[in-house]
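Numbering (our numbering), first residue to last: 1494 to 1793.
This is the structure in structure tokens:
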């Protein structure tokens, strides 16, 4: 029987202070794994059992020490909020990380990217960059397991908190065209389950897995379901002339602190984000919860 890839060596976690990484870290520790976290400010990470190492994916000289003795590396970094030219920054970061991983003898990189049809000429810069990062991580020969997901539903996630804020504050909402684009979201708990299960995959070449809940809905559908569960009656008025950019300006009235991130993410909502390759269902013994269940858990 082939030994699982993630059973030997230290696990390197990037993005440990972020939304997904911060929730993955205690689960890795609960498995009894040796976990090293690459962070720009080690003082921000004080969790018993985890080793914090100072480093920056944009500084290749800082990565060698962090990679030493690592068997599996999680790449949960997105520089969208830290750089105006996030595509270029993400490109450089992925190349630096992949090169350092190869030189350190890392056996596998686990990466969380985004859904979206690469053949679509209208694919947003955000989603195109997510796919490019996955390719660049594998260019130096280290096998990459790439999970592609749509909207992540969970308390604290940007997408869910946007739904919560809009629904709670606006009884009457403009319904721009992107609110009707098909999406196949996934609960944060299911994302974490896939990221953990990937540690036990047999050694082999890199693969791409598309993951999502059983339901195809839309952002508008998520708003309606959230409103139903919290007992609020909300009216959505279709206005097809609003572009994603104008929509983001409207959203900035509600979430001004994260308006730029919102603008970039909303641009991606013009693209259909649904699972087209169901291979994750056979590779993993995970059955994601429904949209209704995911929203109920996020509310709770």
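Ideal placement from N, C-alpha and C gives every residue a C-beta, glycine not left out.
Predicted, not measured: the structure shown is a model, and the values here were computed from it.
Pull up the distance between the alpha-carbon of residue i and that of residue j, whole angstroms please.
i: residue 1621; j: residue 1680; result: 23 Å
i: residue 1606; j: residue 1713; result: 23 Å
i: residue 1560; j: residue 1583; result: 19 Å
i: residue 1703; j: residue 1626; result: 16 Å
i: residue 1731; j: residue 1717; result: 14 Å
i: residue 1663; j: residue 1651; result: 18 Å
i: residue 1496; j: residue 1695; result: Residue confidence for residue 1496 is low, a pLDDT of 46 falling below 50, so the modelled location carries little weight; the figure read from the coordinates is stated next. Taking the straight line from one Cα to the other gives about 6 Å.
i: residue 1665; j: residue 1726; result: 9 Å
i: residue 1772; j: residue 1784; result: 20 Å
i: residue 1683; j: residue 1504; result: 20 Å
i: residue 1591; j: residue 1540; result: 27 Å
i: residue 1690; j: residue 1642; result: 16 Å
i: residue 1667; j: residue 1656; result: 13 Å
i: residue 1779; j: residue 1688; result: 11 Å
i: residue 1765; j: residue 1609; result: 6 Å
i: residue 1724; j: residue 1661; result: 10 Å
i: residue 1782; j: residue 1706; result: 6 Å
i: residue 1658; j: residue 1597; result: 44 Å
i: residue 1570; j: residue 1700; result: 19 Å
i: residue 1628; j: residue 1762; result: 22 Å
i: residue 1638; j: residue 1624; result: 12 Å
i: residue 1566; j: residue 1640; result: 14 Å
i: residue 1580; j: residue 1617; result: 11 Å
Buried or exposed for residue i, please, with buried defined as at least 16 other CB atoms from any protein chain shown within 10 angstroms of its CB.
i: residue 1632; result: exposed
i: residue 1768; result: buried
i: residue 1554; result: exposed
i: residue 1728; result: exposed
i: residue 1611; result: exposed
i: residue 1601; result: buried
i: residue 1793; result: exposed
i: residue 1787; result: buried
i: residue 1509; result: buried
i: residue 1536; result: exposed
i: residue 1525; result: exposed
Skipping 5 residues on each side, what residues in its chain have a beta carbon closer than 7 Å to that of residue i?
i: residue 1543; result: 1518, 1522, 1528, 1530
i: residue 1500; result: Residue placement at residue 1500 is flagged as unreliable, the pLDDT there being 48, under the threshold of 50; the coordinate-derived value follows with that caveat. For residue 1500, where only same-chain residues beyond five positions count, there are no Cβ hits under 7 Å.
i: residue 1512; result: 1649, 1650
i: residue 1698; result: 1636
i: residue 1595; result: 1633, 1634, 1635
i: residue 1776; result: 1702
i: residue 1586; result: 1550, 1551, 1570, 1572
Under 6 Å Cβ to Cβ from residue i, same chain only, skipping five residues before and after it: list those, please.
i: residue 1494; result: Below a pLDDT of 50, predicted positions are generally treated as unreliable, and residue 1494, at 38, falls in that range; the measurement from the model is reported next regardless. Same-chain partners within the cutoff: there are none.
i: residue 1589; result: 1550, 1553
i: residue 1708; result: 1783, 1784
Leaving aside the five residues before and after residue i along the sequence, list all residues of the same chain whose C-beta is less than 8 Å from its C-beta, in chain order.
i: residue 1558; result: 1546, 1548
i: residue 1533; result: 1547, 1548, 1549
Check whether the stretch 1662 to 1682 touches the stretch 1708 to 1724, taking contact to mean three or more Cβ pairs, one atom from each stretch, closer than 8 Å.
The stretch 1662 to 1682 is in contact with the stretch 1708 to 1724.
Could I get the ranges of all uninterrupted beta strand (DSSP E) runs contained in the stretch 1576 to 1642, with 3 residues as the minimum, in chain order?
If we require 3 residues or more, the beta strand (DSSP E) runs fully inside the stretch 1576 to 1642 come out as 1601 to 1607, 1637 to 1642.
At what residue ranges does the stretch 1643 to 1677 contain a whole run of the beta strand (DSSP E), taking only runs of 3 or more?
Counting whole runs of 3 or more residues, the stretch 1643 to 1677 contains the beta strand (DSSP E) stretches 1665 to 1668.
Which runs of the alpha helix (DSSP H) spanning at least 4 residues fall entirely within the stretch 1524 to 1564, listed in chain order?
Listed in chain order, the complete alpha helix (DSSP H) runs (minimum 4 residues) inside the stretch 1524 to 1564 are 1557 to 1560.
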